[in-house]
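Okay, so here's the structure we're looking at.
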Amino acid sequence: IAMKLVNEGDYGVSCLVRVGSNSSVFEHIKDIINKLDIRYGNLTDYYSIKKIVKDVSPQFILHLGAQTSVRHSFELPMEFNEANYLGTINLVHAALELSSFRKFIFASTMETYGWQTEKKPFKEGIQLNPASPYAVSKVACEHYLMMAQGAFGLPYIISRACNTYGRKSNTGFVTEYIITTMLKNQNVYLGTPNAVRDMMYVEDHVNAYLKMLKSNVVNETFNFGTGSRTPMKEIAEKLKKLIGFKGQIIHSFPPNYPWRPVVEDFLSLDASKAKKMLGWAPKYTLDEGLKKAVEFWKQKSSS
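The following block contains the structure:
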């Protein structure tokens, strides 16, 4: 997102970074790092966040900061709710102090839908049944934003995106884990081979944020996904073929995997509202996106 905004040249971009963040997060944006206003702070510290937001005085906030590892949220529910829910409250109230503020864009998640009886791509209006402490924290944030709009006039957009892949530095998410493990010719563990997921390439996700930013639409919730319904074992097989992997795909969680008592069996999104109101649609098919992701990690592993 930072790269897109800097390269387009229409916005000044300030970034909030947690103190102690791994420097590798800046590796793939090193060409623009001098064009970013980097601020160090912690979302859970209201007074530092309030000061930073006041100093920057942004017209738009894209709130992407969160604890996002669903599996870890079961063992660390307090930490996840503090970072995600309290952190969002702090940022909302800092934004409410600004006189020329225009829009608060919040990164929620497909995980908020949780368990659903009907196995077809979800629309925004159905009941939310979050199935993890992480997902509950995001639902709480959504309700706080809606309250802040009604009570204080905060203009917001909530984004519920499906699983994104195409990361450049983090191998802890499933697609990046599978790719990098296969490239090392090590056995791949697939804990939920039959779980059906909607997967979106990173460029499509970034373009969703740009659409929300540039649109005049406010006080709405949008799904961003492809509508695909692909079992994880099929994604692993696609990657195996692209990479030429000869090792095993083991249908179980790896040893010492964080405790995860439940996993939703079906998560997929209907993004027709975003297409109608924002003009957004995914550009990449699953096969096209996976090919680009594999090409990136092949090049990175050989350099």
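Here my numbering is used: the sequence shown runs in plain steps of one and ends on residue 340. Glycine included, each C-beta is placed from N, C-alpha and C at the ideal position.
- When the Cα atoms are used, residue 43 and residue 68 turn out to be separated by approximately 10 Å.
- Counting of Cβ neighbours within 10 angstroms places residue 209 among the exposed residues, the total staying below 16.
- Using a C-beta cut-off of 8 Å, the segment 234-246 makes no contact with the segment 117-135, since fewer than three inter-stretch Cβ pairs fall below that distance.
- When the beta-carbon positions are compared, residue 224 and residue 272 stay at least 8 Å from each other.
- Excluding sequence positions up to five before and after residue 265, its CB lies within less than 6 Å of the CB of 235 and 323, all in the same chain and listed in chain order.
- For residue 84, the number of other beta carbons within 10 angstroms of its own is below 16, and it is reported as exposed.
- Taking each of 62, 57, 66 and 108 in turn and checking the Cα distance to residue 297, the smallest one comes out for 108.
- Secondary structure in the segment 201-275: the beta strand (DSSP E) runs of 3 residues or longer, each lying completely within the stretch, are 236-238 and 257-261 in chain order.
- With 16 or more other Cβ atoms from the protein chains shown falling within 10 Å of its own Cβ, residue 147 counts as buried.
- As a beta-bridge residue in DSSP terms, residue 144 pairs with 196.
- Secondary structure of residue 100 (DSSP, three-state): strand.
- Secondary structure note for residue 54: its beta strand (DSSP E) is the uninterrupted segment 51-54.
- Burial check for residue 49: the Cβ neighbour count within 10 Å stays below 16, so the residue is exposed.
- Rounded to the nearest whole angstrom, the C-alpha separation of residue 65 and residue 289 is 32 Å.
- Counted as a single uninterrupted DSSP element, the beta strand (DSSP E) harbouring residue 74 occupies residues 74-77.
- By the C-beta density criterion, residue 316 is exposed, having fewer than 16 other C-beta atoms within 10 angstroms.
- In this structure, residue 110 sits away from residue 192, with a CB-CB distance that is not shorter than 8 Å.
- Excluding sequence positions up to five before and after residue 204, its CB lies within less than 6 Å of the CB of 213, all in the same chain and listed in chain order.
- The alpha carbon of residue 283 has as its nearest neighbour, out of 337, 222 and 179, the alpha carbon of 222.
- Runs of the alpha helix (DSSP H) spanning 4 or more residues and lying entirely within the segment 150-192 occur at 170-189, in chain order.
- Taken through DSSP and simplified to helix, strand or coil, residue 70 comes out as helix.
- Residue state for residue 304 is assigned as strand, using DSSP reduced to three classes.
- Distances from the CA of residue 115 to each of 97, 81, 154 and 96 were compared; the closest alpha carbon is that of 81.
- According to DSSP, residue pairing for residue 286 in a beta bridge involves 225.
- Here DSSP, grouped into helix, strand and coil, assigns residue 324 to helix.
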